[in-house]
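Q:
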Amino acid sequence: MTGPEALLKSVYSVLDSGEFQEAVWRSSLHAEERVPQILERYSYIRRLAEEVLEARRRAISNMEEVLERLRESAKRVNLNLYFAETAEDARRIVGGIIGSGKTVVFSKSMVAEEIRLREYLEENGNEVWETDLGQLLIQLENGKPMHTTAPAIHLTVERAARLVREKLGLELPRDPRPEDIVSAVRGFLREKFTGADYGVSGANAIAADTASIVLVENEGNIRLVTGLPERHIVVAGVEKVVETLDLALKQALVQAAYAGLFPPTYMNIISGPSSTADIEHRRVYGAHGPREVHLVLIDNGRMKARGTPLEEQLRCVRCGRCQWECPVWRHTANVWGGEVYGGPMGVNWTAITEGLEKGGELSMLCLQCMRCDEVCPVEIPLSSIIHWLRKNYVAGLLS
Amino acid sequence: MLEVREILLMMAEETRKRGLPLPVPRDALTSWAEGLGLARSGDVLLYTGALYQLTPYINAFVDYLERLEGSKASGFLLKAARRLKLTGLASAIAKPRKEEVEYSQRVLRAIVSLLKRAGVEVAYNPDVDGYSGVLLYDLGLDDVFKEHAVKVYRALKDAGPSTVITVDPHTTHVLRNVYPKYIDGFDLTVKSYLEVLAEKGLKLEEIGGEWVIHDPCLYARSLGIIDQPRTLLRNAGIRVLEPKRSGKMTYCCGGPLESIAPRLSKKIASRRIQELSAVSKNILTLCPICYANLSRVSNDETVRDIALVLTGDLR
Numbered sequence: 298m299t300g301p302e303a304l305l306k307s308v309y310s311v312l313d314s315g316e317f318q319e320a321v322w323r324s325s326l327h328a329e330e331r332v333p334q335i336l337e338r339y340s341y342i343r344r345l346a347e348e349v350l351e352a353r354r355r356a357i358s359n360m361e362e363v364l365e366r367l368r369e370s371a372k373r374v375n376l377n378l379y380f381a382e383t384a385e386d387a388r389r390i391v392g393g394i395i396g397s398g399k400t401v402v403f404s405k406s407m408v409a410e411e412i413r414l415r416e417y418l419e420e421n422g423n424e425v426w427e428t429d430l431g432q433l434l435i436q437l438e439n440g441k442p443m444h445t446t447a448p449a450i451h452l453t454v455e456r457a458a459r460l461v462r463e464k465l466g467l468e469l470p471r472d473p474r475p476e477d478i479v480s481a482v483r484g485f486l487r488e489k490f491t492g493a494d495y496g497v498s499g500a501n502a503i504a505a506d507t508a509s510i511v512l513v514e515n516e517g518n519i520r521l522v523t524g525l526p527e528r529h530i531v532v533a534g535v536e537k538v539v540e541t542l543d544l545a546l547k548q549a550l551v552q553a554a555y556a557g558l559f560p561p562t563y564m565n566i567i568s569g570p571s572s573t574a575d576i577e578h579r580r581v582y583g584a585h586g587p588r589e590v591h592l593v594l595i596d597n598g599r600m601k602a603r604g605t606p607l608e609e610q611l612r613c614v615r616c617g618r619c620q621w622e623c624p625v626w627r628h629t630a631n632v633w634g635g636e637v638y639g640g641p642m643g644v645n646w647t648a649i650t651e652g653l654e655k656g657g658e659l660s661m662l663c664l665q666c667m668r669c670d671e672v673c674p675v676e677i678p679l680s681s682i683i684h685w686l687r688k689n690y691v692a693g694l695l696s
Numbered sequence: 014m015l016e017v018r019e020i021l022l023m024m025a026e027e028t029r030k031r032g033l034p035l036p037v038p039r040d041a042l043t044s045w046a047e048g049l050g051l052a053r054s055g056d057v058l059l060y061t062g063a064l065y066q067l068t069p070y071i072n073a074f075v076d077y078l079e080r081l082e083g084s085k086a087s088g089f090l091l092k093a094a095r096r097l098k099l100t101g102l103a104s105a106i107a108k109p110r111k112e113e114v115e116y117s118q119r120v121l122r123a124i125v126s127l128l129k130r131a132g133v134e135v136a137y138n139p140d141v142d143g144y145s146g147v148l149l150y151d152l153g154l155d156d157v158f159k160e161h162a163v164k165v166y167r168a169l170k171d172a173g174p175s176t177v178i179t180v181d182p183h184t185t186h187v188l189r190n191v192y193p194k195y196i197d198g199f200d201l202t203v204k205s206y207l208e209v210l211a212e213k214g215l216k217l218e219e220i221g222g223e224w225v226i227h228d229p230c231l232y233a234r235s236l237g238i239i240d241q242p243r244t245l246l247r248n249a250g251i252r253v254l255e256p257k258r259s260g261k262m263t264y265c266c267g268g269p270l271e272s273i274a275p276r277l278s279k280k281i282a283s284r285r286i287q288e289l290s291a292v293s294k295n296i297l298t299l300c301p302i303c304y305a306n307l308s309r310v311s312n313d314e315t316v317r318d319i320a321l322v323l324t325g326d327l328r
């Protein structure tokens with residue numbers, strides 16, 4: 298079975314799971330309530346969102362120029378910059394840096410998922426660990442992230458505990474609370490952090506003028522992933538680059554607010570490797586943080602999306618609010634999605650990264666109810682893009 | 014699982030052949046107006062877009078699809094559908110329930126009577142009235158939609174009104190916001206009857222009662238029709254209750270997926286009716302599709318169209 302029928306089959310399989318339905322619905326309710334409260338309490342967020350919208354529009358249409366500027370800045374801060382046209386290119390670049398027999402810790406990155414980086418590095422004989430709790434559960438489950446910022450929302454405490462017990466052999470009390478799981482996993486991952494040769498992260502935003510990587514988080518794992526190992530590799534979509542550092546910071550703040558977690562507990566700015574000039578004021582790289590930082594920018598369909606209706610999707614900050622608000626997604630999570638991305642933004646991101654045919658197939662399950670359009674911080678006409686995908690897909694289906 | 018391609022092909026073929034997406038007899042669209050004595054032409058023309066009239070047939074079709082979809086009991090039905098093509102089967106099963114047909118007719122008559130009370134004389138031409146093609150547009154059947162839209166537009170222009178009055182959000186949206194993108198030089202004023210009634214400041218005798226309002230997505234987010242129905246209801250002494258998600262952030266009834274994924278559509282409708290029902294058991298709809306989807310999953314709730322509530326027809 299292929300095409301829309303196969304998609305419907307997997308969607309229906311989760312419709313029948315009471316556990317899945319309850320978990321996703323509950324999370325959506327919480328997120329739906331939280332974002333308006335944040336927007337009300339911190340009135341500058343909406344203004345920042347407008348600024349970010351314009352900045353992203355500009356950066357995407359002047360991508361070549363912005364990337365050139367980043368190239369210059371990268372040299373100044375000793376950041377190794379790579380450009381990968383395809384997922385395969387990206388895997389080869391990262392695989393070439395890491396080699397085999399290493400321990401690698403990942404902070405959660407949807408782009409790493411997109412290019413199947415963890416699996417690739419494992420195949421090359423490395424030990425790889427996700428350190429974001431939700432993403433670790435996904436790794437243990439051998440599944441895919443069910444939401445952009447909350448990958449394991451479909452799992453109940455019981456299911457999460459089962460995974461941690463069975464796959465990691467960790468001991469948990471009889472009726473474990475989330476706290477028990479967190480504490481057990483924290484203990485387990487400590488030694489992975491300190492023993493890791495490489496840390497791999499994504500990026501919420503990248504500043505072209507300073508070659509800074511900006512990352513927001515709450516767990517604290519990103520600080521460890523990007524700070525403890527000697528080498529840090531960043532994988533990010535090319536569309537994440539904006540002109541200047543102030544805009545990159547604003548973009549990360551907007552992402553955090555619309556993701557429903559504000560203020561973010563941590564915000565990281567990484568501009569190249571750690572260094573010290575404490576002796577004779579001569580700069581030596583590799584102080585307490587990494588001594589190498591590599592940034593791999595990935596195209597994987599993004600550049601060619603420009604000039605089509607999908608161009609507007611490129612300015613997405615990946616907050617996932619459209620997913621929480623979507624009546625279909627609330628029953629399916631990212632099962633209504635491609636290999637990685639799901640829900641309203643995910644239909645369009647799937648079209649960008651996996652092709653129009655796959656995106657078109659997913660578009661058939663959209664209600665066109667426009668709730669997503671209403672809540673997007675950067676005013677992406679999500680449902681119109683989905684309709685465009687559907688139109689093209691149906692034309693192909695009937696021809 | 015349903016064969017999406019077969020369903021789309023059937024709708025495309027039916028519309029090309031007979032102007033309607035389902036095998037429905039043409040007089041089913043216009044019989045509601047018999048005996049009302051409406052002029053055949055005039056400056057203000059009522060165009061129903063046929064959605065109210067089609068709803069009973071859509072319901073019968075969805076019931077059929079749902080049976081087909083429940084693969085356990087009807088694996089053989091699916092095979093049969095593949096072999097015989099959905100088209101043949103669809104015409105065999107598309108027998109609507111009588112009370113649903115009668116309900117739709119009552120709504121349309123109520124709309125005309127409300128317009129009359131507001132002092133608006135509408136003309137109605139059964140030969141011009143028909144289907145807007147909105148489902149074709151929604152489902153991405155672009156070529157068929159365009160062909161159809163051109164025909165509808167030409168018929169409306171030939172009828173010569175300056176204003177076309179519509180009765181449901183889908184037809185209003187497609188005529189006002191979508192047709193202009195497909196038809197060069199589109200030049201027609203399209204208004205929902207709710208907008209017209211509100212503009213005329215229609216005041217009705219005290220009706221009373223209490224209803225929770227379910228805003229249709231298109232009225233709320235595409236056409237900005239949010240205040241008008243509330244004002245009309247309040248002017249008739251009706252207490253309007255708001256559900257958790259209302260106005261601009263209203264929640265879909267699941268309707269647009271009824272022909273592609275009936276089970277998913279029903280799940281969405283169930284969530285919505287729970288939310289509405291938490292506020293009141295009297296649920297007010299402004300769209301035939303919302304009505305059909307919400308009443309399909311209702312238990313002890315009363316689901317009624319706003320036109321019936323405003324005319325005090327609560328049978």
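Line order of the protein sequences matches chains Y and B. If you're matching positions, the first sequence starts at 298 in the numbering used here and goes up one per residue. If you're matching positions, the second sequence starts at 14 in the numbering used here and goes up one per residue. Idealized CB from N, CA, C, for every residue including glycine.
Can you tell me whether Trp633 of chain Y is helix, strand or coil according to DSSP?
A: Residue state, collapsed to three classes: coil.
Q: Under a Cβ-count criterion, where at least 16 other Cβ atoms within 10 Å of its own Cβ denotes burial, should Arg96 of chain B be classed as buried or exposed?
A: For Arg96 of chain B, the predicted structure reports a pLDDT of 48, less than 50, and the residue's modelled location is therefore unreliable. A value from the coordinates is still provided. It is exposed - the Cβ of Arg96 of chain B has fewer than 16 other Cβ atoms within 10 Å.
Q: For the 8 Å Cβ check, are there 3 or more pairs between the region 475-494 of chain Y and the region 543-556 of chain Y?
A: With a cut-off of 8 Å, the region 543-556 of chain Y and the region 475-494 of chain Y do not count as touching, because too few Cβ pairs lie within range.
Q: Tell me whether the region 306-317 of chain Y and the region 666-675 of chain Y touch, counting them as touching only if at least three CB pairs, one residue from each stretch, are closer than 8 Å.
A: Touching, no, given that fewer than three Cβ pairs across the two stretches are closer than 8 Å.
Q: Specify, as a first and last residue, the run of the alpha helix (DSSP H) that Gly496 of chain Y falls within.
A: Per DSSP, Gly496 of chain Y belongs to no alpha helix (DSSP H); it is in the beta strand (DSSP E), 495-498.
Q: Quick one: Cα of Lys85 of chain B to Cα of Arg344 of chain Y, how far?
A: For Lys85 of chain B, the predicted model reports a pLDDT of 47, less than 50, meaning its position is unreliable; a value from the coordinates is still stated below. When rounded, the distance between both Cα atoms is 53 Å.
Q: Bridge partners of Tyr563 of chain Y, per DSSP?
A: Y:Glu514.
Q: When the distance is taken between beta carbons, is Glu536 of chain Y closer than 7 Å to Leu611 of chain Y?
A: Yes. Within cutoff.
Q: Tell me, please, which residues DSSP counts as bridged to Ala504 of chain Y.
A: DSSP, once it has assigned bridges, lists Y:Ser509, Y:Val539 as partnering Ala504 of chain Y.
Q: Shorter than 7 Å from the beta carbon of Pro301 of chain Y to some beta carbon of chain B?
A: It does: the Cβ of Pro301 of chain Y has a partner Cβ on chain B nearer than 7 Å.
Q: Rounding to the nearest angstrom, what Cα-Cα distance links Asp318 of chain B and Leu460 of chain Y in this structure?
A: About 50 Å.
Q: If the cut-off is 7 Å on Cβ atoms, which residues from the region 303-327 of chain B count as contacting chain Y, listed in chain order?
A: Cβ contacts with chain Y: none found.
Q: What first and last residue would you give for the beta strand (DSSP E) that runs through Glu16 of chain B?
A: Note, Glu16 of chain B: premise wrong, no beta strand (DSSP E); not H, not E.
Q: Less than 8 Å between the CB atoms is what I'm expecting for Met24 of chain B and Leu148 of chain B, so what's the real figure, rounded?
A: Contact holds; Cβ gap of about 7 Å.
Q: With a threshold of 16 other CB atoms inside 10 Å of the CB of Trp322 of chain Y, please say whether the residue is buried or exposed.
A: Under this definition Trp322 of chain Y is an exposed residue.
Q: What are the uninterrupted segments assigned as alpha helix (DSSP H) that are 4 or more residues long and contained completely in the region 539-610 of chain Y, given in chain order?
A: Within the region 539-610 of chain Y, the complete alpha helix (DSSP H) runs of at least 4 residues are 542-555, 599-602.
Q: I need the DSSP call for Ala93 of chain B, collapsed to helix, strand or coil.
A: Note on Ala93 of chain B: pLDDT 48, under 50, position unreliable in the model; no value is reported.
Q: Select from the region 223-235 of chain B all residues with a C-beta closer than 7 Å to any C-beta belonging to chain Y, and list them in chain order.
A: Those residues of the region 223-235 of chain B that come within reach of chain Y (Cβ to Cβ, closer than 7 Å) are Cys230, Arg234, Ser235.
Q: With 16 as the cutoff for other CB atoms within 10 Å, does Lys688 of chain Y come out buried or exposed?
A: It is buried - the Cβ of Lys688 of chain Y has at least 16 other Cβ atoms within 10 Å.
Q: Since Lys5 of chain B is in the beta strand (DSSP E), which residue starts that stretch and which ends it?
A: In the structure as shown, chain B starts at 14 and stops at 328, and residue 5 of chain B therefore has no counterpart that could be examined.
Q: Please confirm if Asp240 of chain B has its CB atom under 7 Å from at least one CB of chain Y.
A: No, Asp240 of chain B does not count as interfacial toward chain Y.
Q: Rounded to a whole number of angstroms, what is the C-alpha to C-alpha distance between Leu653 of chain Y and Gln432 of chain Y?
A: Computed Cα separation, rounded: 27 Å.
Q: Hey, could you find the ends of the alpha helix (DSSP H) Asn295 of chain B is sitting in?
A: Per DSSP, Asn295 of chain B belongs to no alpha helix (DSSP H); it is in the beta strand (DSSP E), 295-298.
Q: Check Asp56 of chain B in the structure and name its three-state DSSP category.
A: Coil.
Q: Helix, strand or coil for Leu215 of chain B, going by three-state DSSP, please let me know.
A: Three-state result, Leu215 of chain B: coil.
Q: Out of B:Tyr195, B:Leu210, B:Cys265, which one is the CA nearest neighbour of Arg234 of chain B?
A: Nearest C-alpha to Arg234 of chain B: B:Cys265.
Q: For the putative contact between His186 of chain B and Leu254 of chain B, defined by C-beta atoms under 8 Å, what is the C-beta separation to the nearest angstrom?
A: Their Cβ separation, rounded to whole angstroms, is 26 Å, which puts His186 of chain B and Leu254 of chain B out of contact at 8 Å.
Q: Can you find a CB in chain B that lies within less than 7 Å of the CB of Lys655 of chain Y?
A: Not one chain B Cβ lies under 7 Å of Lys655 of chain Y.
Q: With a CB to CB cut of under 7 Å and the five nearest residues on each side skipped, what residues in its chain are close to Val408 of chain Y?
A: Within the same chain, Val408 of chain Y has close Cβ partners Gly499, Val532, Ala533, Gly534, Ile595.
Q: Tell me the rounded alpha-carbon separation between Ala648 of chain Y and Lys279 of chain B.
A: Near 27 Å, if we compare the C-alpha coordinates of Lys279 of chain B and Ala648 of chain Y.
Q: Let me make sure I understand the geometry here. Which of B:Ala131, B:Tyr192, B:Gly173, B:Arg130 has the alpha-carbon closest to that of Asp155 of chain B?
A: When only C-alpha atoms are compared, the closest one is B:Tyr192.
Q: Measuring straight from C-alpha to C-alpha, what distance separates Tyr70 of chain B and Gly173 of chain B?
A: Those two C-alpha atoms are separated by around 31 Å.
Q: Grab me the residues of Gly496 of chain Y's own chain with a C-beta within less than 6 Å of its C-beta, minus the 5 sequence neighbours each way, in chain order.
A: So the list reads Val402, Val522, Thr523, Pro526, His529, once near-sequence residues are dropped.
Q: Which word fits Lys92 of chain B, buried or exposed, when buried means at least 16 other C-beta atoms lie within 10 angstroms of its C-beta?
A: Reliability of the predicted coordinates at Lys92 of chain B is poor, the pLDDT of 45 falling under 50, and the value obtained from them is presented with this limitation in mind. Result: exposed.
Q: Listing by chain order, which chain Y residues have their CB less than 9 Å from the CB of Pro269 of chain B?
A: Per Cβ cutoff of 9 Å: Cys663, Leu664, Gln665, Cys666.
Q: Would you be able to state if there are at least three C-beta pairs under 8 Å between the region 612-621 of chain Y and the region 579-598 of chain Y?
A: Taking 8 Å as the limit for Cβ pairs, the verdict is that the region 612-621 of chain Y does not touch the region 579-598 of chain Y.
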